[in-house]
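For what it's worth, my numbering labels the leading residue of the sequence shown as 133, then goes sequentially. A quick write-up on the structure given underneath.
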Amino acid sequence: MFLEKDSLMNIEYYAPFNRLSIEELYKAFFHNNGPKTHFSYEDGTIQITINGQGYIEVVENQFEFKRFAYDVFSKFSGRSLPWGILTGVRPGKLVDRLRQENNNQVEIYDILTNDYMINPSKAKLIVQISDLQEPYKNNLKIKKYCLYIHIPFCPSICSYCSFTSTPIKGKESLLDPYINFLEHEIDSIIGYYNNTSIESIYIGGGTPSVLSAKQINKLMEYLHRIFPKVSEITFEAGRVDTLDREKINTIAMYSNRISLNAQTSNTETLKRIGRTHAFYDLEKSFFIAREAGIKTINSDLIGGLPGENISVFKKSLMDMDALKPENLTVHMLAVKKGAQLKSNYHYNNKDSNDYAQVAYEYVTDRGYLPYYLYRQKQILGNLENIGYSKDGHVNIYNIAMMEEVCDIIAVGAGSVSKVFDNRGRFDSFTNYRDITLYMSKFNDLLRNKKAWLSERRNLTLSDL
Ligand code: SF4
Numbered sequence: 133m134f135l136e137k138d139s140l141m142n143i144e145y146y147a148p149f150n151r152l153s154i155e156e157l158y159k160a161f162f163h164n165n166g167p168k169t170h171f172s173y174e175d176g177t178i179q180i181t182i183n184g185q186g187y188i189e190v191v192e193n194q195f196e197f198k199r200f201a202y203d204v205f206s207k208f209s210g211r212s213l214p215w216g217i218l219t220g221v222r223p224g225k226l227v228d229r230l231r232q233e234n235n236n237q238v239e240i241y242d243i244l245t246n247d248y249m250i251n252p253s254k255a256k257l258i259v260q261i262s263d264l265q266e267p268y269k270n271n272l273k274i275k276k277y278c279l280y281i282h283i284p285f286c287p288s289i290c291s292y293c294s295f296t297s298t299p300i301k302g303k304e305s306l307l308d309p310y311i312n313f314l315e316h317e318i319d320s321i322i323g324y325y326n327n328t329s330i331e332s333i334y335i336g337g338g339t340p341s342v343l344s345a346k347q348i349n350k351l352m353e354y355l356h357r358i359f360p361k362v363s364e365i366t367f368e369a370g371r372v373d374t375l376d377r378e379k380i381n382t383i384a385m386y387s388n389r390i391s392l393n394a395q396t397s398n399t400e401t402l403k404r405i406g407r408t409h410a411f412y413d414l415e416k417s418f419f420i421a422r423e424a425g426i427k428t429i430n431s432d433l434i435g436g437l438p439g440e441n442i443s444v445f446k447k448s449l450m451d452m453d454a455l456k457p458e459n460l461t462v463h464m465l466a467v468k469k470g471a472q473l474k475s476n477y478h479y480n481n482k483d484s485n486d487y488a489q490v491a492y493e494y495v496t497d498r499g500y501l502p503y504y505l506y507r508q509k510q511i512l513g514n515l516e517n518i519g520y521s522k523d524g525h526v527n528i529y530n531i532a533m534m535e536e537v538c539d540i541i542a543v544g545a546g547s548v549s550k551v552f553d554n555r556g557r558f559d560s561f562t563n564y565r566d567i568t569l570y571m572s573k574f575n576d577l578l579r580n581k582k583a584w585l586s587e588r589r590n591l592t593l594s595d596l
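The structure is reproduced here in structure tokens:
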């Protein structure tokens, strides 16, 4: 009755436990080309046969099964995973749960390392981040929400990208109407949050800075009018090849945070991954943003980019240090379905653990604190992405988004809203991904989204 055959070529799965999390663990060890593995279950006993070698254990639940599978995979591969049996995106949630169950810091650390088999340095890291986030999360939980605005256009598509974005060339004429639709969408749903205060606005993408200075001004002026009291507005100008002084000055008029993303300081790598700018362009944009008085500049780096090794990555860290961004987000390369890069390209990278360690030591030595962390599927070395911040520059939106502690209303094509329902469960709503569909079926979308929100927010039309 509970038997299932797995879709992965090398797995045969006949067991009563959640097969997806076992698949994730298998992939974390072996990726998609692992050894032939057979799972079977009888009378409370699980048998894992891997390349003909059998292992048997009595297991009572999913947790015990996962630990057993971890041991078997680890023996077979000779490896351990930095995050142990955790395969989810948000390890911080486990720490929150353990805290709610009244475990103290030492007990949490012990549970993470012993029960979940997490590497001690990662366990320490996630507890540290969770402690730092605590006051922000407590504040967000008190009738707060955030707004995300999606601009799904980019100057070119980076080879590792799997986001909802499309090249802007030839589509410039869509931008004016698209902004009107965004504003209309915000106007239509804002009434659901009359008794709740907005904590943060994040304009992301894609690359929002593909908008002209005039278009940026229109959108930002609108936001300023509708949300005059919001204290945090982030504008993601991730690709400096879209920027000029006029755009940066316009962003600075309304926004106190900007993202100017490096990914690497190596010009050859930038070309290789499909980005049409050099590090020099980033330096210029930093200079203009500083002159314009933007309080917080964020920049991103990625460990494990094609053609790079650990010394090229270290050079990028040093070059970033010269620019002194207030926020630095260090990603590990994740290549998902839909990206141009070959999906398992980065699994052969032997330096993977070093990237995370080198970045952590380099950045924390310079006064940054890790303040949010998330993981992705198919990430280099099964590691994590970490947002670091200088004191006083923590991005509240990133905490809200990653820790799922308040409603996030998202507008624009392909954006995903996440809202708590009446029973305190998080539920999501995705807008049409296709830009022309988003605009042509806008009324349908709005009707569905409003019905969804009414149910979640427990409101009727007369409340609005
Ligand atoms: S800039 Fe960002 S969203 Fe655009 S293609 Fe590159 S990775 Fe994707």
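Cβ coordinates follow ideal geometry from the N, Cα and C atoms, glycine included. Everything numeric in this text was worked out from a predicted model, so none of it was measured.
Going along the chain, which residues put their C-beta within less than 6 angstroms of some heavy atom in the ligand SF4? Per the Cβ criterion, the list is Cys286, Ile289, Cys290, Cys293, Phe295, Ser297, Gly337, Gly338, Thr339, Gly370, Arg371.
To the nearest angstrom, how far is the alpha carbon of Gly524 from that of Ile180? A direct Cα-to-Cα measurement between Gly524 and Ile180 gives close to 50 angstroms.
Does DSSP put Leu157 in a helix, in a strand, or in coil? DSSP places Leu157 within a helical segment (H, G or I) once states are collapsed to three.
Among Phe552, Ala424, Arg231, Asp373, which one has its Cα closest to the Cα of Thr339? Of the residues Phe552, Ala424, Arg231, Asp373, the one whose Cα lies closest to the Cα of Thr339 is Asp373.
If you draw a straight line from the C-alpha of Pro287 to the C-alpha of Arg557, how long is it? Distance between the alpha carbons of Pro287 and Arg557: 38 angstroms.
Quick check on Gln265: buried or exposed, where buried means 16 or more other Cβ atoms within 10 Å of its Cβ? By the neighbour-count criterion, in which a residue is buried when 16 or more other Cβ atoms sit within 10 angstroms of its Cβ, Gln265 is buried.
Rounded C-beta distance between Ile531 and Pro284? I'm assuming under 8 angstroms. Rounded, the Cβ-Cβ distance is 24 angstroms, inconsistent with contact.
Can you name the start and end residues of the beta strand (DSSP E) that Glu317 belongs to? Per DSSP, Glu317 belongs to no beta strand (DSSP E); it is in the alpha helix (DSSP H), 307-321.
Integer Cβ distance of Asn388 from Glu364, believed to fall under 8 angstroms: Their Cβ separation, rounded to whole angstroms, is 7 angstroms, which keeps Asn388 and Glu364 in contact under 8 angstroms.
Neighbourhood of Asn349 by C-beta distance below 7 angstroms, restricted to the same chain and skipping five residues each side: For Asn349, where only same-chain residues beyond five positions count, the Cβ hits under 7 angstroms are Thr382.
Under three-state DSSP, which class holds Leu596? Any reading at Leu596 needs caution, since the residue's pLDDT is 41, under 50, leaving its predicted position unreliable; the model's value is listed next. Leu596: coil per DSSP, three-state reduction.
How big is the Cα-Cα spacing for Leu501 and Ser521? Each residue's Cα considered, the two are about 5 angstroms apart.
If you draw a straight line from the alpha carbon of Thr344 to that of Asp376, how long is it in whole angstroms? Here residue 344 is Ser; the residue named in the question, Thr, does not match the sequence. Near 10 angstroms, if we compare the C-alpha coordinates of Asp376 and Ser344.
Simplified DSSP state of Glu144, which is helix, strand or coil: The answer is strand: DSSP assigns Glu144 an E or B state.
Rounded straight-line distance, which links the Cα of Asn246 to that of Ala471: Across the structure, Ala471 and Asn246 are spaced so that their CA atoms are roughly 36 angstroms apart.
Alpha-carbon spacing of Arg151 relative to Lys468, whole angstroms: Taking the straight line joining both Cα atoms gives about 21 angstroms.
What is the residue span of the alpha helix (DSSP H) that Val490 lies within? Residues 484-497.
So, does the stretch 247-255 touch the stretch 541-558, judging by three or more C-beta pairs under 8 angstroms? The stretch 247-255, when compared against the stretch 541-558, does not touch it at the 8 angstroms Cβ threshold.
Express the C-alpha separation of Glu155 and Phe162 in angstroms, rounding to a whole number. Going from the Cα of Phe162 to the Cα of Glu155 covers about 10 angstroms.
Looking at the secondary structure, which residues open and close the alpha helix (DSSP H) in which His356 lies? Note, His356: alpha helix (DSSP H), 345-358.
Gln508, DSSP secondary structure in three states: Gln508 carries a coil assignment under DSSP once its states are collapsed to helix, strand and coil.
Which word fits Ala454, buried or exposed, when buried means at least 16 other C-beta atoms lie within 10 angstroms of its C-beta? In this structure Ala454 is exposed. Its beta-carbon is surrounded by fewer than 16 other beta-carbon atoms within 10 angstroms.
What three-state label does DSSP hand Asp373 in the structure shown? In the three-state DSSP reduction, Asp373 falls in the helix class (H, G or I).
Pair within 8 angstroms by beta-carbon distance, Arg222 and Tyr506: Yes. Within cutoff.
From the DSSP output, in three-state form, read off Pro502 for me. Reduced to three states, the DSSP call for Pro502 is strand.
May I have a chain-ordered list of the beta strand (DSSP E) segments no shorter than 3 residues that lie completely inside the stretch 402-443? Entirely contained in the stretch 402-443, the beta strand (DSSP E) runs reaching 3 residues are, in chain order, 428-435.
Quick check on the DSSP output: what are the complete beta strand (DSSP E) runs of length 3 or more inside the stretch 240-316, in order along the chain? The beta strand (DSSP E) runs lying completely inside the stretch 240-316 and spanning 3 residues or more are 276-283, given in chain order.
By the three-class DSSP mapping on this structure, what secondary structure does Arg565 have? Shown here, Arg565 sits in coil according to DSSP, grouped into three states, outside any helix or strand.
If you run the structure through DSSP and keep just helix, strand and coil, what is Asp559? Of the three classes helix, strand and coil, the one that applies to Asp559 here is strand, per DSSP.
In the DSSP output, which residue or residues are listed as bridge partners for Ser387? Paired residues: none, contrary to the question.
Would you call the stretch 143-150 and the stretch 168-176 in contact, with 3 or more CB pairs under 8 angstroms? Yes: at least three Cβ pairs fall under 8 angstroms.
Could you compute how far the alpha carbon of His282 sits from the alpha carbon of Ala542? If you take the alpha carbons of His282 and Ala542, they lie about 7 angstroms apart.
Quick check: what's the CA-CA separation for Leu244 versus Gly220? Whole-angstrom Cα-Cα distance: 14 angstroms.
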